[in-house]
Amino acid sequence: MSVFDARDLTKIYQTSSGPLLALEDVNLAVGDGELVSLLGPSGCGKSTLLNMMAGLLDVTKGSIDFRGEPVTGPSRDIGMMFQKPVLFPWRTIFENVMLSVGVLKLPKKSSELRAREVLGLVGLEQFADAYPHELSGGMQQRAALSRVLVYEPGVLLLDEPFGALDEFTREAMNLELLRLWERDKYTIVLVTHNITEAVFLSNRVVVMTPRPGRVVRIVDIDLPQPRTREVMRTSKYSDLCFEVRELLGVDH
Amino acid sequence: MSAESGLPPERSIARKFLGVVLPPLVVLVVVVTGWESASRAGLLHPVLYPPPSQVAAAFGRLLTDSTFYSDYWLTIRQIVAGYALGITVGFLLGSLFTLLPRVRVIFYPYLIAFQALPKVVLAPLFIVWLGFGPSSKIAMALAISFFPVLINTMLGLSLVDEDRLRLMRALRATDWEIFWKLKLPAATPNIFAGLKTGLTLAVFGTIAAELVGSTAGVGTQIKTYDGLIRVDYVIALVLSLGIFGLLVYLGMERLDRKITFWSKEATRGA
């Protein structure tokens, strides 16, 4: 069974200047353990699609199922990350990670151990008692990732989580994400507007175009697993990047 | 942070003294000596404008007078009681109005009208209703201090970051959890701004009510000495209130920085 199954999914926003068609007739199935990227320029509806998967936006037409059930609201088996880390500045890093534990009412003792473990996993064990403003942008995103991983969701929905980071940090975070994905077999849907990032990370890339948001094609990325930096040197990788670029239109 | 100026500490301390401490001190010395000499030269009326040396002597005598302390103690207790009630009312109403916009719609026009009122005019009413004792002073402090807390609580609670809200929703947080874990802590810098203004006003309200009608308290002392045309004592008491107000404010400022230390950095990334 698919983790996500979207059929003829359409979203119309009611704005002050009339209805706005954000997403039109999207069909997409995401399998268990798959890493799928939603790729396209701003306004292509990729974030809209992700928020509908997360149960944060309602459906205008069509349907979207999560593990065979229609999505009616947020699920505790889904973890979300945003472009901004969205850490609460009045909480330490550890307390920020424990936010999800508190809201989801998980057992405190065992979760505290898990929180320490997860912070170790992303290399932040030294910063548990620091406040968000004392950390760099990349470290803040690692903390945001820990806040998700601590409650062990099977699915990660990532809304351009590395979009605000510099190139070097972004690459390091990508490799880290791959490491975690291979280790714990998450199902991941990643929103991005970065072609190379999408191709490097994904099993499949959903190429989308704007006004209205539509899926142009879903490209299979049959590069060898596990992905390493060396993959980027292969001609297969460059061909795929080029193919995706063509689909998006040359001037993207 | 001591390396801010890039100078060794002793030089930066010297610079701070020259730049920040010295100029106000010079002004003080000039005013005080000018007043003193004008008074001695007979340019100022010695009873209406007593020289600083006489004010200082009056201050000294106040400090050895036990009623000075008992009156201050009474005034402080009235301020604390009125302020505690005022901020409780302000905070609860502010939260209620944010959580229940319908209730706000009903009461808000009256609150605005109440705020537009120069509240000192309420002092005679409170004294008629509650008597010359502490109750009327507490009522006055309450009436004047709740509003800034109310307004700032509402402002702070309404400024919600969309991303933070989305995060809480994705975690399936209840409205109560969103209030308790997100809106309220995010609002503390605003609430504290209201608390600071409210405290200054609570001091003002208590003293004002004492001046209008009372049997004890600092305001009563001022009125008594005023009646005796002991302007030196009046000025000394006014100065003591200035120092008192400053100490209270500095204490509040410290508490604020301790609790909302994160708010200056909040815009960065988080």
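As you go down the protein sequences, you meet chains A and B in turn. Start counting the first sequence at 1; every next residue gets the next number (the numbering used here). Start counting the second sequence at 1001; every next residue gets the next number (the numbering used here). Here a beta-carbon is modelled for each residue, glycine too, at the ideal position from N, C-alpha and C. Given the structure is predicted, the values throughout are model-derived calculations rather than measurements.
Any beta-carbon of chain B closer than 8 Å to the one on residue i?
i, result
"residue 133(A)", "yes"
"residue 67(A)", "no"
"residue 70(A)", "no"
"residue 107(A)", "no"
"residue 212(A)", "no"
"residue 89(A)", "yes"
"residue 252(A)", "At residue 252(A), the pLDDT of 46 sits below 50, so the modelled position is not reliable; the number obtained from the coordinates is stated separately. Not an interface residue."
Please confirm whether residue i has its beta-carbon closer than 8 Å to some beta-carbon of chain A.
i, result
"residue 1184(B)", "no"
"residue 1157(B)", "no"
"residue 1262(B)", "yes"
"residue 1258(B)", "no"
"residue 1163(B)", "yes"
"residue 1181(B)", "yes"
"residue 1275(B)", "This structure cannot settle anything about residue 1275(B), because the visible part of chain B is limited to 1001 through 1270."
"residue 1269(B)", "Its pLDDT being 42, under 50, residue 1269(B) is placed unreliably by the model, and the measurement read from it follows with that caveat. It does; some Cβ of chain A falls within 8 Å."
Would residue i pass as a contact of residue j if the rule is Cβ separation under 8 Å?
i, j, result
"residue 38(A)", "residue 206(A)", "yes"
"residue 219(A)", "residue 200(A)", "no"
"residue 147(A)", "residue 124(A)", "no"
"residue 9(A)", "residue 30(A)", "no"
"residue 1079(B)", "residue 1160(B)", "no"
"residue 180(A)", "residue 158(A)", "no"
"residue 1035(B)", "residue 1052(B)", "yes"
"residue 155(A)", "residue 187(A)", "yes"
"residue 1245(B)", "residue 1191(B)", "no"
"residue 83(A)", "residue 160(A)", "yes"
"residue 1243(B)", "residue 1201(B)", "no"
"residue 1150(B)", "residue 1093(B)", "yes"
"residue 144(A)", "residue 81(A)", "yes"
"residue 35(A)", "residue 1169(B)", "no"
"residue 1071(B)", "residue 1218(B)", "yes"
"residue 193(A)", "residue 41(A)", "yes"
Which chain A residues are close to residue i, counting only those with a beta carbon under 8 Å from its beta carbon?
i, result
"residue 1167(B)", "80, 82 and 86"
Counting only Cβ pairs nearer than 7 Å, list the residues of chain B close to residue i.
i, result
"residue 104(A)", "1171"
"residue 54(A)", "1170"
"residue 76(A)", "1172"
Would you call residue i buried or exposed, if buried means 16 or more other Cβ atoms sit within 10 Å of its Cβ?
i, result
"residue 1216(B)", "buried"
"residue 1(A)", "exposed"
"residue 1021(B)", "exposed"
"residue 1005(B)", "Annotation note: pLDDT 47 at residue 1005(B) (below 50); position unreliable, coordinate value reported separately. Residue 1005(B) should be labelled exposed."
"residue 1003(B)", "With a pLDDT of 43 at residue 1003(B), under the threshold of 50, the modelled position of this residue cannot be trusted, and the question is left open."
"residue 1050(B)", "buried"
"residue 1018(B)", "exposed"
"residue 1229(B)", "exposed"
"residue 1115(B)", "exposed"
"residue 198(A)", "buried"
"residue 1129(B)", "exposed"
"residue 1033(B)", "exposed"
"residue 89(A)", "buried"
"residue 956(B)", "Within the shown structure, residues of chain B are numbered from 1001 to 1270, placing residue 956(B) beyond reach of any answer."
"residue 151(A)", "buried"
"residue 1038(B)", "exposed"
"residue 1011(B)", "exposed"
"residue 19(A)", "exposed"
"residue 111(A)", "buried"
"residue 1121(B)", "exposed"
"residue 1113(B)", "exposed"
For a contact defined as C-beta to C-beta under 8 Å, what are the partners of residue i on chain B?
i, result
"residue 100(A)", "1171"
"residue 181(A)", "Within 8 Å Cβ-Cβ: nothing; residue 181(A) doesn't reach chain B, min ~20 Å."
Taking 7 Å as the cut-off, is the C-beta of residue i nearer than that to any heavy atom in the ligand NAP?
i, result
"residue 158(A)", "No copy of the ligand NAP appears in this structure; indeed no ligand is present at all."
Would the segment 1172-1186 of chain B and the segment 1053-1070 of chain B be scored as touching if the rule is three or more Cβ pairs under 8 Å? no
Is the segment 1192-1210 of chain B in contact with the segment 1081-1095 of chain B, if contact means three or more CB pairs nearer than 8 Å? yes
Between the segment 123-139 of chain A and the segment 163-173 of chain A, do three or more beta carbon pairs fall short of 8 Å? yes
Count the CB pairs spanning the segment 1053-1065 of chain B and the segment 1229-1248 of chain B that are closer than 8 Å, and state whether there are at least three. yes
Examine the Cβ distances between the segment 1157-1174 of chain B and the segment 1131-1141 of chain B and report whether three or more of them are shorter than 8 Å. no
Stretch-stretch touch, CB-based, cutoff 8 Å, three pairs: the segment 84-102 of chain A with the segment 126-134 of chain A: yes
Any contact between the segment 1022-1029 of chain B and the segment 1209-1225 of chain B? By contact I mean 3 or more CB pairs, one from each, below 8 Å. no
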